[in-house]
Structures are given as C-alpha cells and as structure tokens.
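Q:
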Amino acid sequence: MSNALQIIRCPRSFDPAISREVTAELGHLPADWRALLEGAAGSSPYLQTLIRSERDWIEGALADPLAARATVFDDCRACPPDQLKSVLRGAKRKIALLCALCDLSGHWPLEEVTGTLTRFGELAVDVALKAEIALAIRRKKLPGMSEDDIATAGGMSVFAMGKMGAYELNYSSDIDLICLFDETRFAPDDFMEARQAMVRATRNMSAALNDRTAEGYVFRTDLRLRPDPSVTPVALAMEAAERYYESLGRTWERAAYIKARACAGDIAAGERFLKTLTPFVWRRHLDFAAIEDAHNMRLRIRENKGTGGPITVLGHDMKLGRGGIREIEFFTQTRQLIAGGRDPSLRVRGTVEGLQALSQAGWISSDVTETLARHYRDHREIEHRIQMVHDAQTHRMPTSEEGLARIACLMDEDAESFVAGLRERLQEVHRLTEDFFVPSGGGTAKPAEPVPEELDQSVIARWPTYPALRSDRGARIFERLKPELLGRLSRTANPGEALLALDGFLAGMPAGVQLFSLFEANPQLIDLLVDIVGTSPALANYLSRNSSVFDAVLDGGFFSDWPGRAALITELQEALAAESDYERQLDLTRRWHREWHFRTGVHHLRGLIDAAEAGQHYAELADAVIVGLLPKVTEHFAAKHGPMPGRGCVIVGMGSLGAGRLTASSDLDLIMIYDPLDAEMSEGKRPLAVRPYYARLTQAVVTALSAPMAEGRLYEVDMRLRPSGSQGPVATSWPSFTQYQKNDAWIWEHLALTRARVVAGDRDLSAEVEAFRSDFLATPRDRTAVLTGVSEMRRRLAAAKTPDGPWDAKTGPGRMLDIELAAQAGTLLAGQSCRTVAEGLLAGVASGWLDDAQAQGLTEAYGLYWSVQSAARLIAGKGSDGAVRGEGGAAFLQRSTGCDGIGALQQALEAAYATSAACIDAAVGAAAGTKDESDEQAIS
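So the sequence shown is numbered by the working numbering: it starts at 305 and just counts up by one.
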C-alpha cells in the first residue's frame, strides 16, 4: 500500500444522501477512501458523474495513482488514429477524477495536480497533431514529407502559453496554444501548399480536442494568442512570427512568452524559435516602463470584466478580481520583465518559482515571497474546487450561500471560517501587489507647484521641446517626476547651476520613457542624478547618451567594495562564454565595461574611493576587457585565417596602463608581440604569411577595442610606443623586439620600457617578455647618457606641448609627465624593474641620483597632480579648465585634494610646479646632445 492514495484531508459532503447512493456499490473500499468519495460526490455534481462512470477503475487508481496516470498516458500514445477522439475523452475523465481525488485528499500537492493536468494536455495536443500531420503526409499535402517526418510533426511546433506553459493548468482550464511551423523544411515554391496543410492540421487538431461529443470533450483550445489573430491564419511560419515580434510585439506579449514552452510537435525547432525571441522578451536594460504597461492592462481587465469593485467573497472573481490570482501573476511577471534581461536566473516560468527567484535576487523580500506564494497556492486550490462543482471554466465564487457552502465543504471547512480566511487573504494580496503598481502617489502627477524662485523658468519652459519629452507617455511620466526633481534641485548648493546642468542632460537624451520610469520607480536615483549633473558635466553628458548604466545602481553590489582584477576577468569571461555571436560579444563587453566604468566614477565622485584607488580600478577594468576580448578576437580571426602560427601573441600595456593607473578618459598605449617559432604561414581557409597575419590580427584587436558600435566604444588605442614607432610594423616578433631593444632602441624607448606590463596572451611568452624586461632593465647604464636623453625629452616636450593653464597638471615643467620621466630615469639608473612613479623615484635615491628630500617632494607633488588630473577628467573629460567652472566641480576638486578653497588649490599647484621643475632641473643638469629622434615618438 506504499503507493496507495493517502488521506491527508477529506472533503465534507454537502448532500449526504447523494453520497451514500453513489458509494453504495463501493462498500468494500477502505473507510477513508469511501469518506473521500462521499465528500467529493456529495458536494460536486460533476465528480458524482465521474465516480459513477469510472467506478470499475477507481479502486485500482486509488491503489496506485502514479501507475494509473502512467497507464492512461500510455493508452493515449498507443491509440489508433481512428479511435483517438474517443480514447482521449475517456482519458480526460480518468485524469480529471484522479486529479480531483488526489487534490481533495491532499495526497498530491498543488504542483503535482497542475503538472498532471498539463502533461495530459501536452500529450493530447501532440498525439492529435501528429495524427493530422500523418494524414496530410499520406494524402501528399505536405510536399517533400514522408512518414519519417511524422515524429517531428513535419516541422510544426506547438507552444504552450500561460498556465500550460508553466505546468500550472487549473482543473477546468482551456489551453492557450500558438502553432508555428518551420518554413525552412519546405522548398520556397512549396510554401503556400505547405502552409495550407499546416493550417488545416491545426484546425483539425483543435477540433479533436475541443468539440463536445456524447463522450464529452478533452480541452477547450484557444489559438488567439498568436500574432495579430484577427488577420492571421491559425498556423504561421516561424519567420513571419519572428518579424512580427521584432517590429510590433507589445508588453503583454513579452509577458506571455515568459511562460511559453514548446510542448508538442517539433520540440527542437520550437526551442530554437524561443531562443530567437530572447531579446524581445528579455530587454538588456531594466525595463521599469513595464510597470505602467502592466498596470494599464490590469485597469482594462477590471473595466472589461467588471472586477474592479471592493473585495467581497460572494461572487468574487478568484482570477481577475482584486487580490486574486492574476494580481500575483502580474506582480511576478512584471518584475521578471524589469530585471530578467540582466539576470537570467529570473527567467523561470512558474509563478511560485518566479517569486522565489525574485527573492533570491533581492528584488522582493522573503516575507513577501512567502506570503504571496502561500496565498497563490490557496487561491489556486479554491479555484479548482469552484471548477470541480460543474466542470465549468469559471473563477467566480458562487453568488449564493448554498453554492458557497459547497465550496467550503470541498475545502473541508465551515462556511464562516472559510469566508473570513479568504477575505483576509484577498485583502493582503491586494495590499502587497497594488503598492507596486500604484505607489503612494497613485501614479498621477502631483498638483502643480510654483517653480522655486532660484530656478530659471525659461529653462524649464523649453523642456517639452526636447526629444525625450516629445512622446505623450514620456511627457506624462516626467510631469509626475518634475515636482520632486525641481525640489531636489532647489536644495543644491547652487540651484541655478544645477538646473543648467540638468537641462543639458535632458537635451542630450534621445528618449525618456525608460529612464523616467526608472526614476519614478526608484526615486532615490534622482539624488544621484542631481549629484552627477551638478558636479560632472562630462559624466552627465555621458549619462544622457547611456542612461542604461543607472540599471547597475540598483544591483545589490553597486556600492560594494571593488572586486579586483581576477574577479572582473572571471565575470566578463563567463558572460562572453554564454554568447556565441562575435558582434554581440563586442556589444556585451561594451555594456559590461560601461557599467563598471560608471560605478568607478560614481564611487570617486561620492568619496567612496580616492584618486589613487580610482586610477587602479580603471586600469584593472581595462585589463579585464583586454584579457576577455583577446581570445574572442583571435578565435574570430582564426575562423578565416587559421589559428595563430607559432606560440601566439601577448598584448603589452605601456604608459599609464602598464603602470596600472588610468583616468576616466585615458587612452590605452599597447603593443603586440608575437613568437612565430619556425612557422611561415598560418593554416586556415585563407592562410596568411606570419607577418601580415599578426599585423591584421593586431588591427582586429584595435578595432574590437575602439570601433564605435551600437553599444558605443571601449577605448581609444595608441600603438606608437612599439619599436620604431609609427614607422614600424603594428605587431613585432619576439626575436625582433629583443634585438631592437638591445641594439637599436633610443633612450626614451628604454625609459618607456620601465612601465611596460604584459596584460594578456600566451602564458609562456608572457613570462619570457617579463623576464627579458627585468634582465634588460638591470643592465648597468651610463648616467650621463640616460640624463642626456631625459634632458632632450624634456626639451622636446616643452617645445611640442605647452600647459593648458594652471589646471593642466599633466603637461609642462615640474608637472606629471616631467616627474614620470624622472621616475623612469631613476628606474633605469638603479637597474630595477619597478613601474610606478613612487617606486621609480625611490630607485633614483637608491642609485645615488636623487636624495630622499627630492624623491619625497616629487612623490607628494605627483600625488597632488594625480588627484587633480583624475578629478578633472571625471568632471570635464579631457578639458582641464571645465573642471573649475562650476561650483560642484570646484567642490569635488577640493574634496579630492584636501584643499580648503579653489584659490588655495591653485596656489598649491603653482608652487608645486615651480618647486618640482627646479628639483628636476637640478637633478638632470644641463646635459645635452641626443640622438635625432622623431618628435612624435619622443612625445608619445
């Protein structure tokens, strides 16, 4: 009896006389089984009919419900086509009775009940469809098809939508289906004939399930969820459906495809089609505009179905009424639509599973999840009992006390406590879900308030002319936001300046619905926006064109500690591994980089990290991008020209990247070194000689990093620090590189080598490059020759680039480049392999070239310059003057440098410039005479 039905709960009999009559012939059954049958028959006329008709089958079914279910399913699969309608209807009676008894007794949980109903539904669809396809093939109505194609239904895929897709069919549910066929299975000239046959097969399959006969029906089928059902046939080509969703698909259709599942026919083709719809269903960015779409849908349903009234139990619609099943489903699916594009863990079909995934991802609390999941199950069980009474497709509670008492009996409760408990659950569901769709503001604009006097009304008056506010929907959402936005602007240190900055932000936005919806749902982001536009015009301008980076702020880890280089590399590599298309990999990398870059800027702007940490973070981010993309570029390139000949290549970071410190707008100085070994050609479809192979591969890497694409660009790339500069090949062989450095390189190239660092590429070659660098830098140098080279470099830099005012901390005597040269000289003279400025200056002390005071003074000055440079690049991009034009930017500069007042900071800079220049002048001396290097190479 271990497999037998166990009684956990038992329905009460509403009409004991009928119960006794129905079970009179089943007196040999165990008492608890008889009590179950009496309660079911005495409260449900439909179950009473089923028990009478299936009395010979009941005992075996109760003895082993799972085996009974399996036998019914097997009989359906083995059924001859000419008996299919009768066999399916008999199977439906058995499955309906089995599910009812296992549900009412508590033997099966809700998920097993709905799963059994769903699996029977998909089985019925599959056998009915294949019977029709087989008939069409025998009649030669499907050109080119044979009996071998019956197993895949000739390329027809049936998609279970709604509850059937999520294995959540209710007791008397209809089934929502979309029927699409793979048009590539047919020759173009045969398409129209094939489509006609597929349409006929779909109609006949639907009729086989839907038509009522003396034996009943199988399932009511609904084919109206297909694209544009009023004008399209019941079966469509997949290519036509894909075009529709890409161009005309609506939010409700996106929500419908959350639960969609290929359930019958050609499953593999159906799964491929669903994969093509991923970008349609799951938007890459957080889609808070879906909230308003879903809420409007709820309002239309309430209006059309008359379910918008107060919560009452008598006559209440358990599906569409307030606090009902649909409220929980909308709440869950809308949140999935919002965030599922960014978080694949949210792409689950079931409602309870969706709630759990949202909780695990931090979008809703565990308390809300547990409450809604519990009430969802309770609601579904009540819905089942409503439908069990008469096998009616209804979700409304009875309108009479007698009808209500029947439902209470099936629930094994007295009517009074049942009503009280249900009312409480409905109210709690309504409270939890309504606040999400209609937050405290009620979704309407606040009454117009006077514009604060300190804000220029003429600026505000031009906002409706901007592209982001031209759509009715964008303007409507913004009107609801505007009072809060203006209020926060008026509380800034300089409201007029902040308003102009916001004005520039709005003017640059191409569209506004998504971002305005994001702000409306997350008003805390308005503070961040005001902070950014009031401080950093460059970042505000960037945001106006890339507002999707705000999505990252809502991720739980946005304000967490920096994960580090290794973790970044792993994260990007895992993301790229999940994407097979090369261009999509490049766009994915751009999106990924954009969010981490924005995160670093915000952390710096808000004082969570200082300039030195920001520089390290930007450099590690660049490392991760190069490490992640290089294998994808080489793989894509190899598909045409073959794998890399020899040992492969490495990417070497020079300059600031090599030193591990970048600003928000830094370019990347790179060189590629490859080792061909004995290879002369690549081996591929279009082989190349080694030198052009690596030259073109280098160009492909540069393009991957710098080409503007749909998601923008990553970095500008400068390769002029390679051997022989712009005159040399873009990729250098390993033997040529070592020979060049030993015999032909200028002093300035040796200075540049002090900051070289292998970023990505072949591990063994990387180790050899680093070993060579260390050994080569350790070679004893002639001090006069080194300092002569430094002196000539300083002269050329001074002649080629003049400082752009006192806020240009980079170029000029005693400024960043000058101190970097001194540090590189110190590294060379000491024979060390250090890369940073501070280490290089200490190396200068170790070599006896600098004293401690000089090194300390230059290190402190460089720290000040870096703080100014890093902040200025974040505030104003590559224009240093813009950093001090606004109060917000000036205040950020002061915070970054620890100076009290912008005037004091300027004085500190000018004093440091003079002191540092004098120090370096004294250290370098008046050495003269260098090789005749090109200005371009030297300045690089």
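Virtual Cβ for every residue (Gly too), placed ideally from N, Cα, C.
Apart from the five residues just before and just after Val1149, which ones in its own chain have a Cβ nearer than 7 Å to its Cβ?
A: Asp1155, Asp1156 and Ala1159.
Q: Nearest CA to the CA of Leu481: which residue from Asp526, Ala455 and Ala505?
A: Per the Cα distances, Asp526.
Q: Quick check: the segment 434-441 against the segment 514-534, are at least 3 beta-carbon pairs closer than 8 Å?
A: Contact between the segment 514-534 and the segment 434-441 is absent, because fewer than three Cβ pairs lie under 8 Å.
Q: Going by alpha carbons, who is nearest to Gly959 out of Asp973, Arg951 and Gly946?
A: Comparing Cα positions, the closest option is Asp973.
Q: How far does the beta strand (DSSP E) with Gly569 in it extend, from its first residue to its last?
A: Residues Arg565 to Gly569.
Q: Residue ranges of each alpha helix (DSSP H) run of no fewer than 4 residues wholly in the segment 382-442, ordered along the chain?
A: Runs found: 388-408 and 414-442.
Q: Which complete alpha helix (DSSP H) runs does the segment 888-923 hold, if anything under 4 residues is left out?
A: Within the segment 888-923, no complete alpha helix (DSSP H) run reaches 4 residues.
Q: Comparing alpha-carbon positions, which option in Glu878, Ala432 and Arg359 lies nearest Ser390?
A: It is Ala432 whose Cα lies nearest to the Cα of Ser390.
Q: Nearest to Glu1053 by alpha carbon, out of Asp1066, Ala545 and Arg1026?
A: Answer by Cα proximity: Arg1026.
Q: Looking at Ala1113 and Gln1173, is the spacing between their C-beta atoms short of 8 Å?
A: Yes, the pair counts as a contact, with Cβ atoms nearer than the cut-off.
Q: Using 8 Å as the Cβ pair cut-off and three pairs as the minimum, do the segment 1039-1053 and the segment 1070-1089 touch?
A: Yes: at least three Cβ pairs fall under 8 Å.
Q: By Cβ distance, which residues of its chain are closer than 7 Å to Glu777, with the 5 residues on each side in sequence left out?
A: In the sequence under discussion, the amino acid at residue 777 is Arg, which differs from the Glu named in the question. Only Val817 meet the Cβ criterion.
Q: Buried or exposed: which applies to Glu685, given that a residue is buried once 16 or more other Cβ atoms fall within 10 Å of its Cβ?
A: Result: buried.
Q: Report the rounded CA-to-CA distance for Gly962 versus Leu1057, giving the unit in angstroms.
A: Gly962 and Leu1057: Cα-Cα distance of roughly 9 Å.
Q: Secondary structure at Leu300, three-state DSSP: helix, strand or coil?
A: Outside the modelled stretch of the chain, which goes from 305 to 1244, sits residue 300, for which no answer is possible.
Q: Measure the alpha-carbon distance for Thr748 versus Pro787 and round it to whole angstroms.
A: With a pLDDT of 48 at Thr748, under the threshold of 50, the modelled position of this residue cannot be trusted, and the question is left open.
Q: Kindly indicate which three-state DSSP category Ile977 falls into: helix, strand or coil?
A: If DSSP states are grouped into helix, strand and coil, Ile977 belongs with the strands.
Q: Enumerate in chain order the residues of its own chain whose CB-to-CB distance from Ala486 is below 6 Å, with the five nearest sequence positions on each side excluded.
A: Checking the sequence shown, residue 486 turns out to be Asp, not Ala. So the list reads Gly459, Met542 and Ala573, once near-sequence residues are dropped.
Q: Spatial neighbours of Ala1142 within its chain, please: C-beta separation below 7 Å, excluding the five flanking residues on both sides.
A: Excluding positions up to five away in sequence, the list reads Thr1163.
Q: Are there three or more Cβ pairs, one per stretch, closer than 8 Å when the segment 976-984 is compared with the segment 1008-1015?
A: In short, these stretches do not touch, since the Cβ pair count stays below three.
Q: Assign Phe495 to one of two classes, buried (16 or more other C-beta atoms within 10 Å of its C-beta) or exposed (fewer than that).
A: Label assigned to Phe495: exposed.
Q: So what does DSSP say about Ile355, is it helix, strand or coil?
A: If DSSP states are grouped into helix, strand and coil, Ile355 belongs with the helices.
Q: Please list the terminal residues of the continuous alpha helix (DSSP H) segment that includes Asp760.
A: No alpha helix (DSSP H) contains Asp760, which DSSP labels as neither H nor E.
Q: If you check the beta carbons only, do Arg689 and Met715 fall under 8 Å apart?
A: Yes. Within cutoff.
Q: Among residues of its own chain, excluding the 5 on either side of Ser357, which ones have a beta-carbon nearer than 7 Å to its beta-carbon?
A: These residues qualify, in order along the chain: Arg397.
Q: Between Leu1055, Val1062, Asn845 and Arg951, which has its C-alpha nearest Val931's C-alpha?
A: When each option's Cα is compared against that of Val931, the closest is Val1062.
Q: So the candidates are Met468, Gly644, Arg1059 and Arg558; which of them puts its Cα closest to the Cα of Gly964?
A: Of the candidates Met468, Gly644, Arg1059 and Arg558, the one whose C-alpha sits nearest the C-alpha of Gly964 is Arg1059.
Q: Let me check one thing: in DSSP terms, what residues is Met958 bridge-paired to?
A: DSSP output for Met958 lists Asp973 as bridge partner(s).
Q: Grouping DSSP H, G and I as helix and E and B as strand, with all else coil, what is Ile690?
A: Three-state result, Ile690: helix.
Q: In whole angstroms, what separates the C-alpha of Gly1205 from that of Ala916?
A: Answer to the nearest angstrom: the Cα atoms are 21 Å apart.
Q: Can you name the residues that DSSP bridges to Phe782?
A: Note: Phe782 sits in no beta bridge, so no partner.
Q: Flag this pair as yes or no: are the beta carbons of Asp810 and Trp767 separated by less than 8 Å?
A: Contrary to the premise, residue 810 reads as Leu rather than Asp in this sequence. It is a contact, given that the beta carbons lie within the stated cut-off.
Q: Below 7 Å CB to CB, which residues in the same chain sit around Trp896 once its five sequence neighbours on both sides are set aside?
A: Once the five neighbours on either side are set aside, the close Cβ partners of Trp896 are Leu876 and Ala879.
Q: Grab me the residues of Ser476's own chain with a C-beta within less than 7 Å of its C-beta, minus the 5 sequence neighbours each way, in chain order.
A: So the qualifying residues of the chain are Gln691, Asp695, Ala696 and Gln697.
Q: Counting only the same chain and skipping the five closest in sequence on each side, list residues whose C-beta sits under 7 Å from that of Asp1236.
A: Residue confidence for Asp1236 is low, a pLDDT of 38 falling below 50, so the modelled location carries little weight; the figure read from the coordinates is stated next. No residues qualify anywhere along the chain.
Q: Going by C-alpha to C-alpha distance, which of Ala491, Phe424 and Ala457 sits closest to Ile479?
A: Considering only alpha carbons, the answer is Phe424.
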